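In my numbering, the protein residues as written are 29 to 406.
Note that the Cβ used here is the ideal one computed from N, Cα and C, for glycine as well.
Owing to the predicted nature of the structure, the values given are computational and were not obtained by experimental measurement.
Presented below is the structure to which this report refers.
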RNA sequence: GGGAGCGUUCCCGAGCGGCCAAAGGGGGCAGACUGUAAAUCUGUUGUCACUGACUUCGGUGGUCCGAAUCCACCCGCUCCCA
C-alpha cells in the first residue's frame, strides 16, 4: 500500500494509490453508497460501467441495517456489495453532525437514538473500528466529531481535542483488530480526520498532532457544513502545507464541481459527496455546459440528450423530453438515469482533472471550467 | 311518475351571510440540496395599472348595507321508491 506522487502543477497533485483492492488514480471522486447501495437504483455493476474507482459506504448505517456482524458472516462488504475495487467506510462521525438531535456526546463516545426506530446505539472509537473491521473496507475512517458551523471557539477546541483522543483509540483498536485471526481485511487502513472548525490555529495544531501518528491517509473534515466556500478554501490552504506529502489527502463531503476544482488546485486528492446522486434524484443534472434542471418546462419538447458531450448511458440513449417525462411521472428510471448521468459526469470530471495535471495544463483547465460549471444554467 | 341530494378557482375538495380570491390535497411553475434521517424541502399558482382595483364559486333573476353561502326559476348530474 503506497501513495505515489506522479506529478504536480503548483499544489495540484496527480497521484496513484495502491491498495489491496487495486489501484486508485488521483485526484478521485468516491461514489457514495451509504447503505451499500447508490440511491436511485444504481448498482455496483453500474459503477463499473461509469468509471467509478472507489465506493464509499457508512459505518453507522450499515451497523443499524443490516448489521456489520451479518456482513462479516457473509464474507465482508466487498462480497456483499459485489464490488472488488476499493471501498472507503465513513466512521459515523458525520452522523454526530447530521443526527445532532438524536445523539449525546461523551468522552467515551456517542449515544445515538437510531433514526429508524429510536433504539439506543452507542458508538465510540472502538465500536466504529470494530464495525468497519467487520465490514472489511479498504480504508477505515477515524471516528471523529463533525462540528456544526458556526461553532464557538471554546467548543471547537474541546471537540477537536476529543477527536484527537478518539483517533489514538481508533489507531490502537484497529491495530488490534487487524492482527486478529479471521479478520476480513487484515490490511485495513486508517485515515485520520483533521478538525478545528473555521479556526486556523485549531486546524493547524490538530493537523500537526495527527500527522505525527503516521497514518495511511489524512482527511480534512468538518467543512462544507454551511460556511462560505471561501472559508473552506482558506482552511484547506491553512492545513494542506502541514499534511504529509507522501500520503493521500481527502476533503470529506465535498462538493460541487467548482469546489472540487478549487480544492484540487489546493492539493487535495480524494473527494466524496452526495451532491451528484441527491441532485440527480431531484432533477438537477451537471453537464460540461453548466447545470440544468431536467424538470423545467423548456425541456418538454427537447429531443437532445441531457448533454451532447456526455457519453453516459442516459445521454447515449435518451432525450431530455423522455427523461423529463420520467421525472414527471415519478418513474424510478428517472432517478436511475439521472444518477448514472451525474456520477458519470463526476467521474469524468476527475479523469479530465487528472489528464490536465498530467499535461501540465491544470491551471488553464480550471480557469476555463470554473466559470462554466459555476451557477451557470445550460 | 314520487322522493332525496349535488354542481366551488386546472383537478379533487372545504366553506354555508361580512375576517373569502376562497382551507387542505393533487397537479402546474420555479428554487434549494456538499463525509445521505432527503424519490426530500421551500416558494409560487384568477387578472391587472398589484400596500389597491377588477372578474370568479352551473345559469338567470331576486332578498340584503353586504351572497360561494338565503330565495325563485332554469340547465346538468347522482341516488332511492314506483
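Neighbourhood of residue 31 by C-beta, 7 Å cutoff - its chain only, sequence neighbours within 5 removed: Closer than 7 Å at Cβ, skipping near neighbours: 43, 45, 274, 275 and 276.
Residue range of the beta strand (DSSP E) that includes residue 220: From DSSP, the beta strand (DSSP E) with residue 220 extends over 217 to 222.
Using alpha carbons as the reference points, say which of 266, 320 and 303 lies closest to residue 296. Comparing alpha carbon positions, the residue from 266, 320 and 303 closest to residue 296 is 266.
Tell me whether the stretch 389 to 403 and the stretch 288 to 295 touch, counting them as touching only if at least three CB pairs, one residue from each stretch, are closer than 8 Å. Contact holds: three or more Cβ-Cβ distances are below 8 Å.
Does residue 48 pass the burial test, meaning 16 or more other C-beta atoms within 10 Å, or should it be called exposed? By the neighbour-count criterion, in which a residue is buried when 16 or more other Cβ atoms sit within 10 angstroms of its Cβ, residue 48 is exposed.
Assuming residue 355 and residue 323 make a contact with CB atoms under 8 Å, what is their CB distance in whole Å? The C-beta distance from residue 355 to residue 323 rounds to 5 Å, short enough to meet the 8 Å contact threshold.
Mind checking residue 309: buried by the 16 CB within 10 Å criterion, or exposed? Per the 10 Å Cβ criterion, buried.
Under the rule that 16 or more other beta-carbon atoms within 10 Å means buried, what is residue 209, buried or exposed? With fewer than 16 other Cβ atoms within 10 Å, it is exposed.
Let me check one thing: in DSSP terms, what residues is residue 300 bridge-paired to? According to DSSP, which records beta bridges pairwise, residue 300 is partnered with 58.
Could you say which of 373, 59 and 158 lies nearest to residue 170 if we only look at CA atoms? Relative to the Cα of residue 170, the nearest Cα in the group 373, 59 and 158 belongs to 158.
Over the uninterrupted beta strand (DSSP E) stretch that includes residue 84, give me the two end residues. It spans 83 to 86 - the beta strand (DSSP E) in which residue 84 sits, taken as one unbroken run.
Would you mind giving the Cβ-Cβ distance between residue 195 and residue 224, rounded to the nearest angstrom? I have them listed as a contact below 8 Å. About 13 Å; that fails the 8 Å criterion.
What would DSSP say about residue 493, mapped onto helix, strand or coil? With the chain running from 29 to 406 in the structure shown, residue 493 is simply not present.
Pick out whichever of 38, 78 and 33 has its Cα sitting closest to the Cα of residue 389. Ranking 38, 78 and 33 by Cα distance to residue 389 puts 38 first.
Can you give me the C-alpha to C-alpha distance between residue 198 and residue 213, rounded to a whole angstrom? Computed Cα separation, rounded: 16 Å.
Please state the DSSP three-state secondary structure of residue 37. Secondary structure at residue 37: strand, using DSSP grouped into helix, strand and coil.
Cα-Cα, which of 367, 361 and 378 is closest to residue 17? Given a span of 29 to 406 for the chain in the structure shown, any question on residue 17 remains unanswerable.
Determine, using beta carbons only, whether residue 272 and residue 239 come nearer to each other than 8 Å. Yes; because the gap between Cβ atoms is below 8 Å, this pair is in contact.
So, for residue 91: in the same chain, excluding its five sequence neighbours on each side, which residues have a beta-carbon less than 6 Å away from its beta-carbon? Taken in chain order, the residues that qualify are 159.
For the alpha helix (DSSP H) that contains residue 238, what are its first and last residues? Run containing residue 238: 228 to 239, per the alpha helix (DSSP H) assignment.
Please list, in chain order, all residues of the same chain as residue 127 whose beta carbon is under 7 Å from its beta carbon, the five residues on each side excluded. For residue 127, where only same-chain residues beyond five positions count, the Cβ hits under 7 Å are 140 and 143.
Reference residue 103; option with closest CA among 254, 162 and 304: Nearest of 254, 162 and 304 to residue 103, Cα basis: 162.
Counting along the chain, where does the alpha helix (DSSP H) carrying residue 108 start and finish? Per DSSP, residue 108 belongs to the alpha helix (DSSP H) from 105 to 109.
Ordered along the chain, which non-local residues of its own chain (more than five positions away) have a Cβ less than 7 Å from that of residue 384? If we look at residue 384 and ignore the five residues flanking it on each side, its Cβ neighbours are 390 and 393.
Check whether the stretch 251 to 270 and the stretch 358 to 375 touch, using three or more Cβ-Cβ pairs below 8 Å as the test. Too few Cβ pairs lie closer than 8 Å, so no.
Where do the ends of the alpha helix (DSSP H) carrying residue 367 lie? Membership of residue 367 in the alpha helix (DSSP H) is indicated by the continuous run 360 to 386.
What's the call for residue 175, buried or exposed, on a 16-neighbour Cβ count within 10 Å? With 16 or more Cβ atoms within 10 Å of its Cβ, residue 175 is classed as buried.
Which one or two residues does DSSP pair with residue 350 in a beta bridge? Answer is none; residue 350 lacks a bridge partner.
Based on the DSSP secondary-structure assignment, which residues constitute the bridge partners of residue 118? In DSSP, residue 118 forms a bridge with 86.
Is the beta carbon of residue 84 sitting closer than 8 Å to the one on residue 300? Result yes, Cβ atoms of residue 84 and residue 300 sit closer than 8 Å.
Please classify residue 99: does DSSP put it in a helix, a strand, or coil? Looking at residue 99 - three-state DSSP - the assignment turns out to be helix.
Buried or exposed: which applies to residue 242, given that a residue is buried once 16 or more other Cβ atoms fall within 10 Å of its Cβ? Exposed, by the Cβ-count rule.
Per DSSP, residue 151 is paired with what? Answer by DSSP bridge pairing, in chain order: 138.
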